[in-house]
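Count the sequence shown with mature numbering (1 follows the signal peptide of the UniProt record, and there is no 0) and you get residues -36 to -1, 1 to 125, in order.
Below is one structure, written out as structure tokens, with a few remarks after it.
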Amino acid sequence: MTITTGPHPTRRLILQGAAGVALLGLGNLPFAPAHAAANDKYPEEAFKQKSEADAIKALYGRTAEPSDKVKLDAPEIAENGGVVPISVTTTLDKVTSISFVVAENPSALAASYKIPDGTIPAVANRLKMAKTTNVTAIVEADGKLYSATKEVKVTVGGCGG
């Protein structure tokens, strides 16, 4: 004679219960930072601009002043315009954004980053460059714009070349 006391828990039943508890716990977490980031407006008009000055004006509404506190690291000669390593760091306080502008590219604004409060203001990227031209890093700090510019010579074309 066999005595049963009820259904035995199966592996599937245990996993379903654990998943349910985990999902129930996620309902109490605040998702405000992700929601706030989703509401940032994409600077579509700035990315459509052909000239460096127009792109900066569309993105920030004003011009930048050169600063020795913005350090732009870029190669003097890029052997392949398809992958040009660029980085920027700054010692400025209250940095809110960093952008890269490539003067002779079909679209001058190459990248733009929002820098959250409390983050180390350093950005690196690999840009595509059509030909030899100036690369400018724009740093927005404490409501003002600062820049650093460097000429990069491209030996093999990247954008359409």
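Glycine included, every Cβ here is placed at the ideal spot set by N, Cα and C.
Buried versus exposed call for residue i [16 or more other C-beta atoms within 10 Å across all chains shown]
i             : result
proline 30    : exposed
glutamate 104 : buried
valine 54     : This sequence places threonine at residue 54; valine is not what is there. Classification for threonine 54: buried.
glutamate 16  : buried
valine 118    : buried
residue 137   : What the structure shows of the chain is the stretch from -36 to 125, and residue 137 is not part of that stretch, so it cannot be assessed.
isoleucine 79 : buried
valine 48     : buried
Which listed residue (the options) has its alpha carbon closest to that of residue i
i            : options                         : result
leucine 109  : Lys117, Thr54, Arg26 and Asn98  : Arg26
proline 7    : Pro49, Ser61, Asp106 and Lys117 : Ser61
glutamate 40 : Ser111, Thr96 and Arg(-25)      : Thr96
alanine 88   : Ile50, Ala112 and Ile(-23)      : Ile50
Cβ separation of residue i and residue j, assumed to be a contact under 8 Å, to the nearest whole Å
i           : j          : result
residue 130 : alanine 94 : Because the chain is modelled from -36 through 125, residue 130 falls outside the range shown and cannot be assessed.
Length of the line joining the Cα atoms of residue i and residue j
i           : j              : result
alanine -1  : alanine 19     : Only weak support exists for where alanine -1 lies, its pLDDT of 44 falling under 50; the value from the coordinates is given anyway. Answer to the nearest angstrom: the Cα atoms are 25 Å apart.
valine 99   : glutamine -21  : 54 Å
lysine 12   : glycine 82     : 31 Å
leucine 91  : valine 120     : 13 Å
proline -4  : lysine 14      : Unreliable placement is indicated for proline -4, whose pLDDT of 49 sits below 50; no coordinate value is reported for it.
serine 111  : arginine -26   : 60 Å
valine 66   : alanine 74     : 6 Å
glycine 107 : isoleucine -23 : 55 Å
serine 63   : serine 76      : 4 Å
valine 34   : alanine 28     : 12 Å
Sheet register partners of residue i (DSSP bridge)
i            : result
serine 76    : Ser63
tyrosine 110 : Glu29 and Val103
leucine -22  : None, per the DSSP bridge assignment.
serine 51    : Asp37 and Ala88
threonine 97 : Val116
alanine 42   : Val118
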